[in-house]
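Following this note's numbering from start to finish, the sequence shown increments by one per residue and tops out at 416.
Idealized CB from N, CA, C, for every residue including glycine.
Accompanying notes for the structure given below.
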Amino acid sequence: MESCIERIKNDIENITKITATPNMGCTRFSYGKEDREVREYLTKEMKILGLSINVDGVGNIRAKYMDNNEDKPSIMIGSHIDTVSNGGKFDGLTGVVTALEVVRIIKENNIKLENPIELIIFAEEEGSNFGTTMVGSKFLSGAYKLEYLKRLKNDEGITAYNIMKDFGLDVDNVENEVLKKEEAKAMVELHIEQGGILHSENISIGIVQAIVGMKTYRVSLEGVSNHAGSTPMYLRKDPMVGAAEIITYMEKVAKEKALKDTVATVGKIHCQPNGSNVIPGQVEFNVDIRDVETEGIEIVAKELINKTKEIANKRGLKYSIDLVGESDCVKLSSKVINAIEETAIENKYVYKEMNSGAVHDSAMLTGITNVGMIFVPSIDGLSHCPQEETKFEDIKLGCDLLLGTVIKLGNMKVRN
Ligand SMILES: [Zn+2]
């Protein structure tokens, strides 16, 4: 029994045709016109399978396949359907269409499981509308409250609350729709790796052990803006060179002082007034620090704070450091990892045990249920761009592994 590559391909092709940026990758924001069209497509497919469909207040779609087992907790499978601007065809969607395919096969073959299967399609994972990622899964897990949506705004200043309401969602009810422990037996998300490890090692399957935690700091340095010609070097208070020292030091700390997997990145920097003949008055940059061990993140964070203080004092700069984003390191469920690994071994699939450097929706559910993740390779490690690609043969293999895992979990006594 295996998945049908043609059906998977067909779903991906049909859905990725729906984009706000034709010929320039997939742009499909939650609560937009394209999102609605994709939801209609998927709803039609789910109705063919006889799923019982519920859409919650923030737009998460929860669709259940029941077979005289509705009193039991569900095995949840799925991912997200939204994208970044000019993103790829496979991020998120791969996990959704493979989950749909798993339900098709189970129904077609009349496979009896102890538990229902719940297809979960998370809304607003990428943060494309409001700059906050995983809004759907954070609400499903109860991490966010309704009030938050009334403060959260898009670039035009419209609140998330109003956008969701206009989309036709029953936003006011969202707090009553938090996933309960007794509703779920496990959650398994298949996702593209979005990095180059599997591709470079020519392995088709990654079994995720842990998901990195992260801290993002915004560092602001303020000096004195002045003429680039008439201000001698010894009279300057230049925040740009201070920033350069700190940024270079961050690389050194992540490489040499922190742990094996710690990474630190400065990908965003803003300088004022940003003129080539002006000593800047202010420089602001973000430092993104990640690791699967909290200790690694803390080492870099501490060094960042100390170094910024030291450089600011040395150069006569004012400074501030703000923690602007944070998520915890997550170890995935050994019960689900074992089920995935046993299935892979039984089917002689070559796999790699690995960690995820990106945070995913299912990580938000680890406090509620047993969570596992399957990765399939991203060609050349590219993601969040139109060139993002995964071989359909690898997706099929991932789908077969997901199918086998669901069957194993559905025949297994797992306690939360
Ligand atoms: Zn994704």
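- DSSP places Gly410 within a helical segment (H, G or I) once states are collapsed to three.
- If you check the C-beta of His191 against ligand 1, you find a heavy atom less than 7 Å away.
- The three-state secondary structure of Phe139, taken from DSSP, is helix.
- Straight through space, the alpha carbons of Ala264 and Thr294 are spaced by roughly 13 Å.
- Between ligand 1 and Gly410, a heavy atom-to-CB distance of less than 7 Å is absent.
- Comparing alpha carbon positions, the residue from Ala243, Arg104, Met76 and Asp172 closest to Lys314 is Ala243.
- Here Glu175 has Leu146 as same chain residues with Cβ atoms under 6 Å from its own Cβ, once five neighbours each way along the sequence are excluded.
- For the segment 148-233, the continuous alpha helix (DSSP H) assignments of 4+ residues that do not extend past its boundaries occur at 160-166 and 197-201, in sequence order.
- Around the beta-carbon of Gly267, fewer than 16 other beta-carbon atoms lie within 10 Å, marking it exposed.
- Within the chosen limit of 7 Å, ligand 1 does not reach the beta carbon of Gly398 with any heavy atom.
- Here Glu342 is exposed: its Cβ has fewer than 16 other Cβ atoms, across all protein chains shown, within 10 Å.
- The chain-ordered list of residues whose CB is nearer than 5 Å to some heavy atom of ligand 1 reads Asp91 and Gly92.
- The DSSP-derived three-state label of Ala301 is helix.
- For Cys271, the CB contacts under 6 Å within the same chain, skipping 5 residues up- and downstream, are Pro280 and Val283 in chain order.
- Membership of Ser334 in any beta strand (DSSP E) is not indicated; the residue belongs instead to the alpha helix (DSSP H) covering Ser334 to Glu346.
- Ranked by Cα distance from Ala63, the first of Ile311, Ala99 and Gly92 is Ala99.
- In this structure, Asp328 is the residue among Val300, Asn226 and Asp328 with its C-alpha nearest to the C-alpha of Ile211.
- Measuring C-alpha to C-alpha distances from Val55 to each of Leu259, Gly142, Phe167 and Lys396 identifies Phe167 as the nearest.
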